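Chemist: In the working numbering, the protein residues as written are 133 to 446.
We treat Cβ as the ideally placed atom computed from N, Cα and C, and that holds for glycine.
As the structure is a computational prediction, the values presented were derived from the model and not from experiment.
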RNA sequence: GCCACGGUAGCUCAGUUGGUAGAGCACGGGACUGAAAAUCCCGGUGUCGGCGGUUCGAUCCCGCCCUGUGGCA
């Protein structure tokens with residue numbers, strides 16, 4: 133395989149990343165690493181489109197079902213686990229195939245940025261969130277300006293999540309957030325062939341609708357009911373994700389299923405759009421037409437990899 | 001058939017004492033370092049149902065027509 137360290141498959145939800153990754157794993161002695169923030173949660177199976185039993189049998193998967201449903205998962209944990217997984221796969225002489233729709237996670241792995249050394253400070257964050265809820269975001273943004281002008285320039289005062297995180301890091305480490313981000317980052321994966329699956333928006337919307345229907349037929353609503361019964365709070369990150377948020381409202385009698393379905397597909401379409409915005413600016417992506425048969429896509433990938441190898445061998 | 005109320009953005013609707021119009025949602029574009037399927041920012045996309053009339057000028061006033069909803073027959 134020349135110097136190729138890994139393959140990455142990116143693209144919006146429902147574009148066929150998992151199916152392609154499994155075929156690549158079969159052909160290239162690969163193992164699939166999921167770069168998906170929701171597939172990490174145990175118990176959140178149907179609505180997160182985890183690999184099917186058949187797909188799990190055909191390829192070795194990593195980074196799926198790694199945390200309990202009510203536990204938080206985040207970039208830092210992903211980066212740590214993913215780097216370990218890449219190392220293990222490579223040690224086995226296999227090719228890591230990174231499949232994922234979470235742009236931030238892919239960046240954390242492929243481009244190896246360095247995260248602030250301090251772990252999350254839950255108490256501090258809670259305080260800051262309370263202040264934001266009390267309508268102090270403007271004041272908080274002014275404070276950020278005093279402490280870290282660069283960060284303040286990049287974070288909008290209405291963006292409560294980023295605002296509180298920046299202040300949390302600065303107040304616990306005593307260092308500017310923007311400075312910490314500039315720290316030396318190990319470029320772990322230099323030779324990665326990145327493939328992007330794309331298709332016209334309207335076709336993707338149709339696929340999203342179809343998939344949503346199939347998920348519901350597969351018992352998605354029961355899954356949500358089970359998770360809620362097991363005590364997963366509605367405020368937990370996983371329960372606030374696409375579809376789970378709406379179906380939780382259905383279980384609690386706040387929304388009818390008839391109202392929930394169009395809402396879920398709408399939210400998913402908007403999510404797919406955000407994913408495309410992220411991946412469009414990702415450098416070096418080989419874009420592939422996801423509407424063609426899987427074997428055609430596979431052939432294109434193989435051709436690109438061969439070319440890539442000849443170039444790196446030169 | 002008659003009466004009443006409607007027809008304005010993709011949808012629901014607001015509005016203009018006559019000077020070619022604006023909200024929410026949808027949709028499009030963008031940002032993104034420990035919640036990222038989260039969070040946030042920007043953008044109005046229009047034969048104002050049609051044809052005439054009055055007027056310097058009509059989406060607005062007048063007439064006719066088309067059409068929707070409700071009521072009376």
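(1) When the distance is taken between beta carbons, is residue 175 closer than 8 Å to residue 359?
(2) List, from N- to C-terminal side, the beta strand (DSSP E) runs of 3 residues or more that fit wholly inside the region 194-272.
(3) Give the DSSP bridge partners of residue 327, in chain order.
(4) Once you ignore the five residues that flank residue 208 on each side, which residues in its own chain have a CB closer than 7 Å to its CB?
(5) Can you tell me the Cα-Cα spacing of residue 276 and residue 260, whole angstroms?
(6) How long is the line joining the alpha carbons of residue 372 and residue 365, rounded to whole angstroms?
(7) Am I right that residue 274 and residue 287 are in contact with their C-beta atoms under 8 Å? What's the rounded C-beta distance?
(8) Hey, out of 421, 282, 312, whose CA is closest to residue 331's CA?
(9) What is the C-beta distance between residue 139 and residue 166, in whole angstroms, given that I count them as a contact (C-beta under 8 Å)?
(10) So, for residue 190: in the same chain, excluding its five sequence neighbours on each side, which residues have a beta-carbon less than 7 Å away from its beta-carbon?
(11) So, helix, strand or coil for residue 306, using DSSP?
(12) Can you say whether residue 144 is buried or exposed, counting buried as having 16 or more other CB atoms within 10 angstroms of its CB?
(13) Which first and last residues belong to the beta strand (DSSP E) in which residue 166 is found?
(14) My assumption, with CB atoms under 8 Å, is that residue 344 sits in contact with residue 423. Please give the rounded CB distance.
(15) Can you tell me whether residue 266 is buried or exposed, with buried defined as 16 or more other CB within 10 angstroms of its CB?
(16) Closest to residue 147 by C-alpha separation, out of 378, 368, 181, 229, would be which residue?
(17) Which whole-angstrom value is the C-beta distance of residue 302 and residue 279, which I expect to be below 8 Å?
(18) Suppose you measure from the CA of residue 161 to the CA of residue 171; what does that come to, to the nearest Å?
(19) Return the residue from the list 149, 163, 210, 324 that minimises the CA-CA distance to residue 437.
(20) For residue 151, I'd like the list of residues in its chain whose CB is within less than 8 Å of its CB, leaving aside the five on either flank, ordered along the chain.
Modeler: Judging by the given coordinates:
(1) Position 227 of the first chain, counted from the first residue, corresponds to residue 359. Position 43 of the first chain, counted from the first residue, corresponds to residue 175. It is a contact, given that the beta carbons lie within the stated cut-off.
(2) 227-231
(3) For the purposes of this step, residue 327 is identified with residue 195 of the first chain, where counting begins at 1. BP columns for residue 327 point to 141, 418.
(4) Taking the first residue of the first chain as position 1, residue 208 is located at position 76. Only 247 meet the Cβ criterion.
(5) Here residue 276 refers to the residue found at position 144 when the first chain is read from its first residue. Here residue 260 refers to the residue found at position 128 when the first chain is read from its first residue. When rounded, the distance between both Cα atoms is 12 Å.
(6) Translated into positions along the first chain, residue 372 becomes position 240. Translated into positions along the first chain, residue 365 becomes position 233. Cα-Cα distance, rounded: 9 Å.
(7) Translated into positions along the first chain, residue 274 becomes position 142. Translated into positions along the first chain, residue 287 becomes position 155. With a Cβ gap of about 12 Å, residue 274 and residue 287 do not count as contacting.
(8) Here residue 331 refers to the residue found at position 199 when the first chain is read from its first residue. Considering only alpha carbons, the answer is 421.
(9) Position 7 of the first chain, counted from the first residue, corresponds to residue 139. Position 34 of the first chain, counted from the first residue, corresponds to residue 166. Not quite, the Cβ-Cβ distance comes to about 14 Å (not below 8 Å), so this is no contact.
(10) Along the first chain, one-based indexing puts residue 190 at 58. Answer for residue 190: 154, 158, listed in chain order.
(11) Against the first chain, residue 306 aligns to sequence position 174. In this structure, residue 306 counts as coil in the three-state DSSP scheme.
(12) The sequence position of residue 144 within the first chain is 12, counting from 1. Buried is the call here.
(13) Translated into the one-based positions of the first chain, residue 166 becomes position 34. Counting along the chain, the beta strand (DSSP E) containing residue 166 begins and ends at 162-166.
(14) The residue labelled residue 344 in the question sits at position 212 within the first chain. The residue labelled residue 423 in the question sits at position 291 within the first chain. That pair is no contact at about 19 Å.
(15) On the first chain, position 134 is the one that residue 266 refers to. Exposed.
(16) For the purposes of this step, residue 147 is identified with residue 15 of the first chain, where counting begins at 1. The shortest C-alpha separation from residue 147 is found at 181.
(17) Taking the first residue of the first chain as 1, we reach residue 302 at position 170. Taking the first residue of the first chain as 1, we reach residue 279 at position 147. Residue 302 to residue 279, Cβ: 5 Å. Contact.
(18) Translated into the one-based positions of the first chain, residue 161 becomes position 29. Translated into the one-based positions of the first chain, residue 171 becomes position 39. Taking the straight line joining both Cα atoms gives about 23 Å.
(19) Position 305 of the first chain, counting from 1, holds the residue named residue 437. For the residues 149, 163, 210, 324, the minimum Cα distance to residue 437 belongs to 324.
(20) Walking along the first chain from the start, residue 151 turns up at place 19. Taken in chain order, the residues that qualify are 187, 426.
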